[in-house]
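Under our numbering, think of the first position of the sequence shown as 103, with each following residue one higher.
Below you'll find the structure, written out as structure tokens, and then a few comments.
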Amino acid sequence: MTETADLGCRNLRWALSLLDGLADGGMRRLVLSPGSRSTPLILAGQRHPALELTPILDERSAAFYALGLARASGRPVGLVCTSGSAPGHWMPAVMEASQSEIPLILLSADRPPELRGWGANQTLDQSRLFDGFVRAFHDPGPAEEGPAALKMIRALGARAAAVSQGSWPGPVHLNLPFREPLVPHVGCEPQRLAIPACPSPCKEPESDIPIPTSVRDLASHLSGRGLICCGPGIWSPQSAEALWRCAERLSVPVLCDPLSGLRFGPGPEHRIARYDSLLRDPTTAETLRPNWVLRFGRVPVSKTLLTWLTDLPTYLVDPGAGWSDPNHDVKMRIHTDPGAVCRWIADSDHPAADNGWLASWIREESDLDALIDAYLSESPWCEAQLIRDLLEHLPAGEGLLCANSMPIRQIDTWSGTRAEPLHLFGNRGASGIDGQTSTLAGLNAGGVPTTALLGDLSFLHDLSGLALLQGLDRPCILINNGGGRIFDYLPQHGLPDFERLWRTPVDVDLASLSRSFGIVHRTVDDAAGFRQALTQSLTDGEGNAGVIEVRLDGDLSRRIHRDFWSRLAG
């Protein structure tokens, strides 16, 4: 066997040891896009008994698929591609994963050092590709021989998986140069080292998380009329229960963002979901204004809420390394687990606020529920009634992916709460409209049956993802209202050439487009048709629930929303 032929086998051994370490750290899925330089990684993935491989042609689609997969499964997911422009297509999903704290392992193949900077084809500097968006970057160099080298690369894999799931979860980038030959000689069957598997990273038991002394300082500020605001984030059932007890101890309401995971499922009466509408009435907004705010999670979806919170003393609890304070009002930031803080306050002898304060919030929420029921019963059918029907029909414990721009805002306004649990997903870290159908496929592959609520532009922005919708048991609901209707509610509305430069409607036959990918397509334009199509997709999907295109009059919808808000303002 020549030294050159042996190099192909060395690459395979090196890649296999790296994947061993990643698997030790909890990774079970590898999403790959075809390429030459990444061949050792793909061959190693084929041979690894703990890993499932999913090939996806388009790197951008593959990255958003991996994003959904990691979010739904709770495990780090590996991404593999070749060198050159290929990893650049990961960037939008990497940005979202960083902002939303989702563990991805970025495995970019590369040319060896002797080819970099010399004009070699398909070669560029990949070392700074994701600067600012990854928790760690490593370039271990080309594959090496020997037990010590293989031990190191396996340890690097375990380390990458651990960092991606640490106190500030997010993407980790491993740039992996391989020398040719990339395919090993016939008969190369590498012997994997008998190194004891590293334990999978795990979080400390919630009850054992130490409480920083700063929490005691925090408690001294939480007296009188306040509120708890929970933005996008993840709450375990134990932490959620501690949150409700904490709010009860303080006698304050909990304002629950739709992506907080707290609106749907069992919850107390001081769980508030209608704040976006409540605060549009200036009198109500002034009456309910608190003296302080205890914040958990990222920035809420509602701009109305965020504006109303301006200039209020705010206390932020965040275990990550970010600083979520766009209003510049945070007086104290506590770097620890939210559930631990809530448990400490709930179990303390902290004096409660005036019970009348909490009762006023509960009463306003209840009155608004009744007002919305009455208003929607007499108004033309639009997104508001669609959302109510959707939340009524989605099975307990399943998921709903909500696109950015209008869909997530309409969910925020109209969803209210429901007793049955529901996982609401949204790519709100960077708030892009890209990658939605690919994310939907990844969420379903991650073990959470998930329906999508998308706009027409979000749907068209991710055509590569349509190839992944085949075989799904849950539908993609597509609101076709003629372009980017979010701008109808913004100051740009009415500007010269508004339709062409901002709303940008696209004249595409969505039924023919869907069917060209082998996807069942249903078109509806009223409440009865939507309920029938939704029921049929949820019960008779049989691996192809397909697309439900809902045709709505965007101008009528805008008038309905404006009329409702004007009624609230009195």
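Even glycine gets a Cβ: it sits at the ideal position worked out from N, Cα and C.
Checklist entry - Three-state secondary structure (DSSP) at asparagine 277? => result Here asparagine 277 sits in strand by DSSP.
Next on the checklist: Quick check: what's the CA-CA separation for glutamate 350 versus serine 560?
Outcome noted: 40 Å
Checklist entry - Roughly how many angstroms separate the alpha carbons of leucine 169 and leucine 124, rounded to a whole number? => result Just so you know, the alpha carbons of leucine 169 and leucine 124 end up roughly 17 Å apart.
Checklist entry - Could you give the uninterrupted runs of the alpha helix (DSSP H) lying entirely in the segment 168–212, keeping only those of 4 residues or more? => result 193–202
Next on the checklist: Three or more C-beta pairs under 8 Å: does that hold for the segment 488–498 against the segment 585–604?
Outcome noted: No, because fewer than three Cβ pairs between the segment 488–498 and the segment 585–604 fall closer than 8 Å, the two stretches do not touch.
Checklist entry - If you run the structure through DSSP and keep just helix, strand and coil, what is leucine 239? => result According to the sequence provided, residue 239 is phenylalanine. The question's leucine does not apply to it. Of the three classes helix, strand and coil, the one that applies to phenylalanine 239 here is strand, per DSSP.
Next on the checklist: Quick check: isoleucine 510 and valine 403, are their CB atoms within less than 7 Å of each other?
Outcome noted: yes
Next on the checklist: Determine whether the beta carbon atoms of serine 185 and aspartate 212 lie at a separation below 7 Å.
Outcome noted: yes
Checklist entry - With a Cβ-Cβ cutoff of 7 Å, do glycine 573 and leucine 545 count as a contact? => result no
Checklist entry - For arginine 520 versus proline 551, is the C-beta spacing smaller than 7 Å? => result The Cβ atoms of arginine 520 and proline 551 lie no closer than 7 Å to each other.
Item to check | Proximity to leucine 478 [Cα-Cα], best of Ala448, Thr515, Ser507 | outcome: Thr515
Next on the checklist: Between Glu198, Pro157, Ser140, which has its C-alpha nearest glycine 534's C-alpha?
Outcome noted: Glu198
Next on the checklist: So if DSSP puts threonine 625 in a beta bridge, which residue, or which two residues, is it bridged to?
Outcome noted: Glu651
Checklist entry - What is the rounded straight-line gap between the Cα of phenylalanine 666 and the Cα of cysteine 331? => result Going by the C-alpha atoms only, they are around 25 Å apart.
Item to check | Close-in-space but distant-in-sequence residues of the same chain around arginine 115 (CB under 7 Å, 5 per side omitted) | outcome: Leu252, Pro292
Next on the checklist: On the criterion of 16 or more Cβ atoms from any shown chain inside 10 Å, does glutamine 538 qualify as buried, or is it exposed?
Outcome noted: buried
Next on the checklist: Against chain B, does leucine 231 count as a neighbour if the rule is that its beta carbon must be under 7 Å from one of theirs?
Outcome noted: Included in the structure is just one protein chain, with no chain B present.
Next on the checklist: Using 7 Å as the threshold, is the C-beta distance between leucine 320 and valine 354 below it?
Outcome noted: no
Checklist entry - Exposed or buried, what is glycine 219 when buried is set at 16 or more other beta-carbons lying within 10 Å of its beta-carbon? => result exposed
Checklist entry - Whose C-alpha, out of Ser618, Leu208, His452, is nearest the C-alpha of glutamine 228? => result Leu208
Next on the checklist: Measuring straight from C-alpha to C-alpha, what distance separates serine 659 and serine 616?
Outcome noted: Between serine 659 and serine 616, the C-alpha separation is close to 26 Å.
Checklist entry - For valine 317, which of helix, strand or coil comes out of DSSP? => result helix
Item to check | Under 7 Å between C-beta atoms of glycine 531 and serine 269 | outcome: no
Checklist entry - Taking the C-alpha atoms as reference points, what is the distance between valine 622 and alanine 165? => result 25 Å
Checklist entry - Where DSSP assigns a beta bridge to cysteine 331, which residues make up the other side? => result Leu357, Arg397
Checklist entry - What separation, rounded to the nearest whole angstrom, lies between the Cα atoms of proline 392 and isoleucine 374? => result 15 Å
Checklist entry - Is leucine 357 near leucine 526, with beta carbons less than 7 Å apart? => result no
Checklist entry - Relative to the alpha-carbon of proline 368, which residue among Asp383, Glu343, Asn583 has its alpha-carbon at the smallest distance? => result Glu343
Next on the checklist: Counting C-beta neighbours from all protein chains within 10 Å, is the total for threonine 416 16 or more, i.e. buried, or is it exposed?
Outcome noted: buried
Checklist entry - Using DSSP with H/G/I as helix, E/B as strand and the rest coil, what is valine 265? => result helix
Item to check | First through last residue of the beta strand (DSSP E) which encompasses phenylalanine 527 | outcome: 525–527
Next on the checklist: For leucine 570 and alanine 543, which I take to be in contact (beta-carbon distance under 8 Å), what is that distance rounded to the nearest angstrom?
Outcome noted: 4 Å
Item to check | For alanine 263 and leucine 524, the rounded distance between their alpha carbons | outcome: If I take the Cα positions, the gap works out to 28 Å.
Checklist entry - DSSP on glycine 123, reduced to helix/strand/coil? => result helix
Next on the checklist: What does the alpha-carbon distance come out to for the pair glycine 584 and methionine 193?
Outcome noted: 28 Å
Checklist entry - valine 649 to isoleucine 204, Cα distance in whole Å? => result Near 27 Å, if we compare the C-alpha coordinates of isoleucine 204 and valine 649.
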